[in-house]
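**Student:** To convert, note that position 405 of the sequence shown is 408 in our numbering; the numbers rise steadily by one, no gaps. Think of the CB as a built atom: it goes at the ideal place given N, C-alpha and C, for glycine as much as any other residue. From a predicted model like this one, the values you see are computed outputs, not experimental measurements.
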Amino acid sequence: MTVRHVIPALTLLVGLIGCAGDGPQVPTTFTPASGTTLQMTGTVANSVGAPPQVQILDAKGRGIKGITVRWVPGASSGTVVNDSSTTDKSGVALSGGWKLGTAAGTQTLTASAQGLSPVTFTAQVAPGAVATLVRLSPDDQRSTVNTPVASAPSVQARDLYGNPIPGVPVTFSSATGGGTIDGAQQITNSSGNATATSWKLGTIAGVQTAVATSGSALQASFNAIALAGPAANLVKALGDAQEGVTGTPIPTPPGVKVVDSYGNAVGNIPVTFTPGPNSGSVLNGIISSDPATGIAIVGSWILGTASAQTLVATSSSLPGKSVTFTATGLTSAFNIDVRFIGSGGTTAVRQAFINAAAKWRRMIVGHLRNSTLNRAAGDCVSWMPAINETISDVVIFARIGPIDSSGTNGLNTLARAGPCLYNTLDLLTTTGLMEFDEYDVPSMIADGTFGDVVLHEMGHVLGVGSLWRVGGRTLLADAGSAAPYFTGPTALSAFRSINTVTFASGNPVPVEGNQYPVGTRDAHWRQSIFGKELMQGFAKAGGMPLSRVTVASLQDLGYVVNLNAADPFSITAGIVRGFPEPAVTAEVPLHDSVVWEMLGVDQRGRLVNRIPPRR
Numbered sequence: 004m005t006v007r008h009v010i011p012a013l014t015l016l017v018g019l020i021g022c023a024g025d026g027p028q029v030p031t032t033f034t035p036a037s038g039t040t041l042q043m044t045g046t047v048a049n050s051v052g053a054p055p056q057v058q059i060l061d062a063k064g065r066g067i068k069g070i071t072v073r074w075v076p077g078a079s080s081g082t083v084v085n086d087s088s089t090t091d092k093s094g095v096a097l098s099g100g101w102k103l104g105t106a107a108g109t110q111t112l113t114a115s116a117q118g119l120s121p122v123t124f125t126a127q128v129a130p131g132a133v134a135t136l137v138r139l140s141p142d143d144q145r146s147t148v149n150t151p152v153a154s155a156p157s158v159q160a161r162d163l164y165g166n167p168i169p170g171v172p173v174t175f176s177s178a179t180g181g182g183t184i185d186g187a188q189q190i191t192n193s194s195g196n197a198t199a200t201s202w203k204l205g206t207i208a209g210v211q212t213a214v215a216t217s218g219s220a221l222q223a224s225f226n227a228i229a230l231a232g233p234a235a236n237l238v239k240a241l242g243d244a245q246e247g248v249t250g251t252p253i254p255t256p257p258g259v260k261v262v263d264s265y266g267n268a269v270g271n272i273p274v275t276f277t278p279g280p281n282s283g284s285v286l287n288g289i290i291s292s293d294p295a296t297g298i299a300i301v302g303s304w305i306l307g308t309a310s311a312q313t314l315v316a317t318s319s320s321l322p323g324k325s326v327t328f329t330a331t332g333l334t335s336a337f338n339i340d341v342r343f344i345g346s347g348g349t350t351a352v353r354q355a356f357i358n359a360a361a362k363w364r365r366m367i368v369g370h371l372r373n374s375t376l377n378r379a380a381g382d383c384v385s386w387m388p389a390i391n392e393t394i395s396d397v398v399i400f401a402r403i404g405p406i407d408s409s410g411t412n413g414l415n416t417l418a419r420a421g422p423c424l425y426n427t428l429d430l431l432t433t434t435g436l437m438e439f440d441e442y443d444v445p446s447m448i449a450d451g452t453f454g455d456v457v458l459h460e461m462g463h464v465l466g467v468g469s470l471w472r473v474g475g476r477t478l479l480a481d482a483g484s485a486a487p488y489f490t491g492p493t494a495l496s497a498f499r500s501i502n503t504v505t506f507a508s509g510n511p512v513p514v515e516g517n518q519y520p521v522g523t524r525d526a527h528w529r530q531s532i533f534g535k536e537l538m539q540g541f542a543k544a545g546g547m548p549l550s551r552v553t554v555a556s557l558q559d560l561g562y563v564v565n566l567n568a569a570d571p572f573s574i575t576a577g578i579v580r581g582f583p584e585p586a587v588t589a590e591v592p593l594h595d596s597v598v599w600e601m602l603g604v605d606q607r608g609r610l611v612n613r614i615p616p617r618r
């Protein structure tokens, strides 16, 4: 072979060798692209700073174009912009961006390509900003006042997604109850928790609160129940320095409060009430203090005979501790001031009014009120005088004068009476009127009925029959019917206690019905049932007893009464005559209910209401 033939052959061989090196590229390397690291950091729900990207190279380190790369976030590891991407001429594939999930800690993003080991990017994800403080310690813990609760206040700082946040400053403070917090300034630990050293409750029993705060808006609250401490003392709660009628219960039963050393109520402590010398007796004298209020109230204190009386409260749980209540014993605390208009009749006539007032004062024993009145003359009736004073309980103006003289109106009215001014606060009489027919007074004195008629009329002044339906009070049912009845519960109980027979003439307590005229009906006990009782509607010789039913009806009106002061009286079969009642000819009907206007006034005597006379 000549030289010129050899050179082309070598050239061909070199060319063949060069063509063999330019064959298809084989992916051999799968790594993060330049500028991208496998270990990243970020904050929950935010994108990492540098979007992950990978590069695929051949064995000679040359990028390979057109290879598909898939991007898959790990569990709870957020989202990626490109689920898949294709390598460019440099062999680089882009994720487009990695937005982290909401769970703090480690999150992953894996890039994979066929035939190559996957590349996994790891991000250490920090929690977000503090969004809430969550209470960790128990709520509604119970502890004695002025002592620490069992579990000190504790919170966890969390971001919007519930991730605990370390390094957050937290301040604990007492909000209500006056307690104190030790270790009030704390920093959340690696678990996001902060705990005060202790919470000592204040001295006020009840619900107390503490709060944990971080910044100006974040707050968690804690409730605790502060329990009263041991019983330490007895203090007066109610019922001291009263006036009462001897032989009757004091109006307000005395009570003490059992307290701890800080004045908090202590319940379930036995308290014994013991009367002093000549200081009467008690009912239910051993009482446990109320769990809610710490108060123990004696069942009742029935006054003895002494003027100055005492009641001592002690407790077996509090040796050496006692409380003494005082009371002044009175014959009666209720005042009836009878004032005569005109001559007022003879001494015997006036004495009948005095006796009647004294008897009613034995029935009504409790003081009601003082009323200041300034009224011109002529209220209710023309003969009523002006009045400008402070009245204690009741003033009654009494007059002996002409009513119907010889019975020219056909009714032969012996007397009439009732309230003139009543107090709208308690709906009871302040001033009343009593008027007796001068024609009938001598005959009533002669047959012995005058004293009972005076007592009867004074009962109307005090409210029997006259105040049963005043100011919204409804103590009379079926008014205007043939068989009305009184509905007061005390009178009903008393009626049952004196009733020795069973009858079927309407509802108890029976009241006179519409077979009688105005003045008798709807204002008196039914005569066929009550016989000669004082407040039935007929004057009867031989005595008219004032029964427990009448006294009890006054209690239903609002008076403080002594039921034991009533006259002996019972209802027997001989009295009951059934219903309807026969015409009465042997007794004189009183026809005595109010025939004048009644005026309602307040405590200062100002006119509030007018009630016209009954027709």
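Tell me the DSSP bridge mates of residue 437?
**Tutor:** Note: residue 437 sits in a beta bridge opposite 401 and 420.
**Student:** Note the first and the last residue of the continuous alpha helix (DSSP H) segment covering residue 462.
**Tutor:** It spans 453-465 - the alpha helix (DSSP H) in which residue 462 sits, taken as one unbroken run.
**Student:** Is it a yes or a no for the region 175-184 touching the region 209-219, going by three-plus beta-carbon pairs under 8 Å?
**Tutor:** Judged by Cβ distances under 8 Å, the region 175-184 makes contact with the region 209-219, as three or more pairs qualify.
**Student:** Give the C-beta separation of residue 258 and residue 241 to the nearest angstrom, bearing in mind that I take them to be a contact with Cβ-Cβ under 8 Å.
**Tutor:** The pair is a contact, with the Cβ atoms about 5 Å apart (cut-off 8 Å).
**Student:** Which of helix, strand or coil does DSSP assign to residue 531?
**Tutor:** DSSP places residue 531 in helix when its eight states are reduced to three.
**Student:** Closer than 6 Å by C-beta to residue 93: which residues in its own chain qualify, once you throw out the five before and the five after it? Chain order, please.
**Tutor:** The residues are 66.
**Student:** Within the continuous alpha helix (DSSP H) that includes residue 557, where are the two ends?
**Tutor:** Taken as a continuous stretch (DSSP letters only), the alpha helix (DSSP H) holding residue 557 covers 551-560.
**Student:** Quick check: what's the CA-CA separation for residue 2 versus residue 608?
**Tutor:** Since the first residue shown for the chain is 4 and the last is 618, residue 2 is missing from the structure and cannot be characterised.
**Student:** In whole angstroms, what separates the C-alpha of residue 540 from that of residue 436?
**Tutor:** Cα to Cα, the separation comes out at about 18 Å.
**Student:** By DSSP's criteria, residue 185 is part of a beta bridge. Which residues make up the other side?
**Tutor:** According to DSSP, which records beta bridges pairwise, residue 185 is partnered with 201.
**Student:** On the criterion of 16 or more Cβ atoms from any shown chain inside 10 Å, does residue 90 qualify as buried, or is it exposed?
**Tutor:** Buried, because 16 or more other Cβ atoms sit within 10 Å of the Cβ of residue 90.
**Student:** Excluding five sequence neighbours on each side, which residues of the same chain lie with their C-beta closer than 6 Å to the C-beta of residue 429?
**Tutor:** Closer than 6 Å at the Cβ level, and outside the excluded window around residue 429, lie 561.
**Student:** Grab the span of the alpha helix (DSSP H) containing residue 352 for me, first residue to last.
**Tutor:** Where residue 352 is concerned, the enclosing alpha helix (DSSP H) stretches over 350-366.
**Student:** Please report the straight-line C-alpha distance between residue 61 and residue 47, rounded to a whole angstrom.
**Tutor:** Approximately 37 Å, taken between the alpha carbons.
**Student:** Suppose you measure from the CA of residue 231 to the CA of residue 190; what does that come to, to the nearest Å?
**Tutor:** In a straight line, the C-alpha of residue 231 is about 34 Å away from that of residue 190.
**Student:** In angstroms with no decimal places, state the Cα-to-Cα distance between residue 588 and residue 548.
**Tutor:** Its pLDDT being 33, under 50, residue 588 is placed unreliably by the model, and nothing is read from it.
**Student:** Tell me whether residue 260 is buried or exposed, calling it buried when 16 or more other Cβ atoms sit within 10 Å of its Cβ.
**Tutor:** So residue 260 counts as buried.
**Student:** How would you write the range of the beta strand (DSSP E) that residue 35 sits in, first residue to last?
**Tutor:** That run of the beta strand (DSSP E) goes 30-35.
**Student:** Under 7 Å between the Cβ atoms of residue 421 and residue 459?
**Tutor:** No, the Cβ-Cβ distance between residue 421 and residue 459 is not below 7 Å.
**Student:** Bridge partners for residue 82 per DSSP, in chain order?
**Tutor:** In DSSP, residue 82 forms a bridge with 102.
**Student:** Within the same chain, show all residues whose beta-carbon is closer than 6 Å to that of residue 326, passing over the 5 residues directly before and after it, in chain order.
**Tutor:** Taken in chain order, the residues that qualify are 237, 239, 259 and 316.
**Student:** Would you give the residue range spanned by the alpha helix (DSSP H) that residue 223 belongs to?
**Tutor:** From DSSP, residue 223 is part of no alpha helix (DSSP H) but of the beta strand (DSSP E) over 221-230.
**Student:** Using alpha carbons as the reference points, say which of 79, 425 and 250 lies closest to residue 127.
**Tutor:** The option with the nearest alpha carbon to residue 127 is 79.
**Student:** How is residue 492 classed by DSSP in three states: helix, strand or coil?
**Tutor:** Of the three classes helix, strand and coil, the one that applies to residue 492 here is helix, per DSSP.
**Student:** In three-state terms, what does DSSP make of residue 450?
**Tutor:** Looking at residue 450 - three-state DSSP - the assignment turns out to be helix.
**Student:** For residue 310, which residues of its own chain have a beta-carbon under 7 Å away from its beta-carbon, when the five flanking residues on both sides are left out?
**Tutor:** So the qualifying residues of the chain are 331 and 332.
**Student:** Where does residue 280 land, buried or exposed, given buried means 16+ other C-beta within 10 angstroms?
**Tutor:** Classification for residue 280: exposed.
**Student:** Hey, residue 199 and residue 184: beta-carbon distance below 7 Å or not?
**Tutor:** Contact: yes.
**Student:** Run the CB neighbour count on residue 29, radius 10 Å, all protein chains shown included, and call it buried at 16 or more, exposed below.
**Tutor:** The residue is exposed, with fewer than 16 neighbouring Cβ atoms inside 10 Å.
**Student:** Along the beta strand (DSSP E) that carries residue 314, what are the first and last residues, could you check?
**Tutor:** Unbroken beta strand (DSSP E) run through residue 314: 311-317.
**Student:** If you draw a straight line from the C-alpha of residue 104 to the C-alpha of residue 167, how long is it?
**Tutor:** So the two alpha carbons sit approximately 15 Å from each other.
**Student:** Whether or not the region 271-279 and the region 354-368 are in contact is what I'm after, with contact meaning three or more pairs of Cβ atoms, one per stretch, closer than 8 Å; do they touch?
**Tutor:** Verdict: no, contact absent.
**Student:** Quick check on residue 608: does DSSP put it in helix, strand or coil?
**Tutor:** Note: residue 608 maps to coil in three-state DSSP.
**Student:** Would you kindly work out how many angstroms separate the C-alpha atoms of residue 292 and residue 341, rounded to a whole number?
**Tutor:** Going from the Cα of residue 292 to the Cα of residue 341 covers about 46 Å.
**Student:** Cα separation between residue 254 and residue 219?
**Tutor:** Rounded to whole angstroms, residue 254 to residue 219 spans 57 Å at the Cα level.
**Student:** Considering only the alpha carbon of each residue, which of 111, 323, 485 and 63 lies closest to residue 123?
**Tutor:** Among 111, 323, 485 and 63, the Cα nearest to that of residue 123 belongs to 111.
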